[in-house]
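Peer 1: Below is the structure I would like to discuss, written out as structure tokens.
In our numbering, the protein residues as written are 6 to 196.
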């Protein structure tokens, strides 16, 4: 109980820092447009087919293809990559107000990811999904660190073995205690 309490106290600043970083500009930040060099294909005009059901099935398949195309494009742009040092992020400078917290989360805990173009985009508002993903990654990493640090603690089997040994040697320990008391009495008499 107390070790989990102290571990909670120990890692709560990191959790708070992660929360602040992920939501650093959620309030009052101007909306920035994402710059993308990628061009999306122009939407195709769909015609409404009347009559048989075959053309309806074809138009549904065309719509599904378009949706998959748009989803694959947005996934490429918004995919996040794990970084191992803050210096790998081009838009983060040592003068930023949250630089130390970001550096700690990246280098100590390894739970912050950057975009494929090596930016962090710390000046834009985050979505609740991004916040949840970042918080989940940090919590999972902290749980792994706690599990690794508690792996060397005494287990229940170790305690049971010690109890068994105490019971086995209890009679011998009592005999040795009596002999020590006897020897102390003799030494006191000789002094």
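We put the beta carbon where it would ideally sit given N, CA and C, even for glycine.
If you scan the region 101 to 158 from start to end, which runs of the beta strand (DSSP E) of 3 or more residues do you find wholly inside it?
Peer 2: As far as the region 101 to 158 is concerned, it has no whole beta strand (DSSP E) run of at least 3 residues.
Peer 1: In terms of residue numbering, what span does the alpha helix (DSSP H) encompassing residue 89 cover?
Peer 2: Unbroken run through residue 89: none, as it is neither H nor E.
Peer 1: From the DSSP output, in three-state form, read off residue 52 for me.
Peer 2: With a pLDDT of 46 at residue 52, under the threshold of 50, the modelled position of that residue is not reliable, and no figure is offered here.
Peer 1: Tell me, to the nearest whole angstrom, how far the beta carbon of residue 87 is from that of residue 118; I am working on the premise that it is less than 8 Å.
Peer 2: Their Cβ separation, rounded to whole angstroms, is 5 Å, which keeps residue 87 and residue 118 in contact under 8 Å.
Peer 1: Could you compute how far the alpha carbon of residue 196 sits from the alpha carbon of residue 164?
Peer 2: Straight-line Cα distance between these residues: approximately 43 Å.
Peer 1: Terminal residues of the continuous alpha helix (DSSP H) containing residue 180?
Peer 2: Looking at the DSSP string, the run of the alpha helix (DSSP H) that includes residue 180 is 175 to 195.
Peer 1: Can you tell me which of 116, 95, 179, 106 puts its alpha carbon nearest to the alpha carbon of residue 150?
Peer 2: Considering only alpha carbons, the answer is 116.
Peer 1: Hey, would you say residue 107 sits closer than 8 Å to residue 143, going by beta carbons?
Peer 2: Contact flag unset, no.
Peer 1: Can you give me the C-alpha to C-alpha distance between residue 160 and residue 166, rounded to a whole angstrom?
Peer 2: Going by the C-alpha atoms only, they are around 10 Å apart.
Peer 1: Pick from 194, 155, 127, 131: whose alpha carbon is nearest that of residue 95?
Peer 2: Residue 95 has its Cα closest to that of 127, out of 194, 155, 127, 131.
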